[in-house]
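This report refers to the structure that appears directly beneath it.
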Amino acid sequence: MDEPSDNCCGACGGGPIRGPELMRAALVTGERGIKIGEISRPQPPMAGEVQVRIRAVALNHIDVWGWRGMAFAKRTLPIVAGAEAAGEIIAVGADVETHSPGNIVSLYGALTCGTCPACMAGRDNFCERMDSIYGFHIDGFLREAMNIPARLAVRAPPGVDCRSAALAPITFGTVEHMLFDNAELEAGQTILVHAGGSGIGSAAIQLAKAAGATVITTVGSDEKAIRARELGADHVINYSQERFEGRVRKLTNRKGVDVVFEHVGPATWAGSMLSMKRGGRLVTCGSTTGILAQINLNLLYQQQLRLIGSFGCRRANLRSAMDKMASGAVKPVIDTILSLDQLESGLNRLESRQVFGKILVEP
Ligand SMILES: [Zn+2]
C-alpha cells in the first residue's frame with residue numbers, strides 16, 4: 416500500500432508522495448474524465464456518524480450520466496464517483512449504539528436531512544433536501560473509507576455479504592419501491608419487465624416472481640433470453656426479433672398486463688402503453704434511450720391507466736431487499752467484479768449494454 420502511486424491526482428504537484436493520511440478514490444473530473452486519485456482519509460467519525468470501509472460499489476446508469484457530465488446537475492468537480500455501495504463499519508461516533516465495528520452495512524444513496532416531515536415519515540426519497548445524491552451531487556462511495564450518518568448505514572442481516580448488500584440501495588431497493596410501494600403488484604398479477612438482462616431488470620424478474628406474479632420480460636439476445644428464464648421469467652421476448660407489444664397481447668389473451676416496469680423510455684414507451692390492461696399501471700424509474708415520449712390521451716383515460724414516476728427508494732426498501740437476499744428468495748446477479756483501476760472499462764461496458772446483471776467495483 417505504500418509504494419509510489421502512478422495515479423497521483425496532481426494536486427500535490429505530481430510527485431509520488433503518499434502519506435498515510437491519503438487514500439485512493441475515483442474522481443469525476445469533467446466530460447468523460449475520470450481518474451483514480453488520492454484524497455484525504457476521513458477523520459474519526461463524529462457523534463451520530465459511522466466510519467465505513469467501502470468494500471463494494473455497484474455501477475449504475477446514474478454513474479454514466481455523471482461521467483458524461485449532465486449539464487443541469489448542481490455540483491462542483493472533481494467529485495468522488497459511486498452511488499450504490501456497501502461496506503464494513505470500522506469505527507462509530509461517540510453516541511452511536513446501533514452499529515459496531517465489523518457490521519456489514521448497505522449505504523442509503525442520498526444524504527437526506529433526517530428531520531423534514533418526509534424523512535420523519537420514512538419517505539426518505541421525498542426528503543426536502545433534493546441535491547444530495549452520493550456520487551452525483553456530492554462526493555460518493557468510490558473510495559476506501561468515509562463517514563456517514565449512522566441512520567443511512569442499513570445493517571445487513573446474517574448471510575448477506577458486502578457484494579450482495581451493495582446491490583440493495585439502487586438495484587433491489589429501487590425495484591422494491593417501484594413494484595410494491597408504487598405499482599402495488601400482487602400475487603396472481605402479470606408484469607412486463609423491460610430489459611430483463613439489465614441490473615434492475617434482473618432484480619425485477621426475481622422480486623416479482625418471489626411475490627407470486629407472472630413475469631413477461633424482454634431481452635435483446637437469445638443468450639440473455641436463456642439467462643432471464645433461469646432467473647424465473649415465465650415468458651421471454653427477444654425484442655430484436657419481434658414486437659414485444661404484439662406478443663404481450665397474445666400471451667395475455669388480448670387483455671394486457673397489470674403492471675409495466677419501464678426504464679427504457681422512448682424506444683419502448685408506445686409499446687408499453689399498448690401492453691397494459693384496463694386499469695394497468697406503468698411505473699418508470701428511468702429513460703435510458705431519451706427523455707421525450709408521446710402519450711395517447713384517449714388510451715390513458717379510456718383504459719384508466721396510471722403512469723407512475725419512481726425515483727430512489729425508502730430505507731425500508733433496503734431492509735426488505737436484504738431480507739429477501741438472506742432468505743434466498745432473490746439472488747444478486749453480478750456481471751463483473753472490477754478493481755478501482757478498471758472503473759473506466761466498467762463504465763464503458765455498462766454504457767454499451769453488454770452486461771447481464773451488475774458491475775461491481777471493489778475500492
Ligand atoms: Zn429530509
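Residue numbers (the working numbering): 416 to 778.
Virtual Cβ for every residue (Gly too), placed ideally from N, Cα, C.
Treat the numbers as computed from the prediction; the structure is a model and nothing was measured.
Item	Value
C728: CB within 6 Å of a non-hydrogen atom of ligand 1	no
Residues bridged to E677 (per DSSP)	T699
Where the beta strand (DSSP E) containing I449 begins and where it ends	G448 to S455
Cβ separation of Q466 and A560, assumed to be a contact under 8 Å, to the nearest whole Å	6 Å
Helix, strand or coil at K773 [DSSP, three-state]	strand
Pocket of ligand 1 (residues with CB nearer than 7 Å to any heavy atom), chain order	T527, C528, G529, T530, C531, A533, C534, C542, E543 and R544
Complete beta strand (DSSP E) runs within the segment 488 to 530 (minimum length 3 residues, chain order)	499 to 507 and 519 to 522
G425 burial status per 10 Å Cβ neighbour count (16 or more: buried)	With a pLDDT of 41 at G425, under the threshold of 50, the modelled position of that residue is not reliable, and no figure is offered here.
Cutoff 7 Å; reference A640; Cβ partners in own chain excluding five residues on either side	V634, V651 and N653
Coil, strand or helix - S725 by DSSP	coil
Member of D478, R470, N540 and A471 whose CA lies at the smallest distance from the CA of G724	N540
Where E645 falls, given that 16 or more other Cβ within 10 Å makes a residue buried	exposed
Per DSSP, the bridge partner or partners of V467	I504 and M561
Cross-strand partners of I606 (DSSP beta bridge)	V630 and V674
Counterpart residues of I706 in DSSP-defined beta bridges	Its beta-bridge partners do not exist; DSSP assigns none.
The segment 613 to 633 touching the segment 588 to 600, judged by at least three CB pairs closer than 8 Å	yes
Of the listed residues E759, L758, P778 and I749, nearest to F771 (C-alpha basis)	I749
Endpoints, the alpha helix (DSSP H) within which V663 is located	F659 to L666
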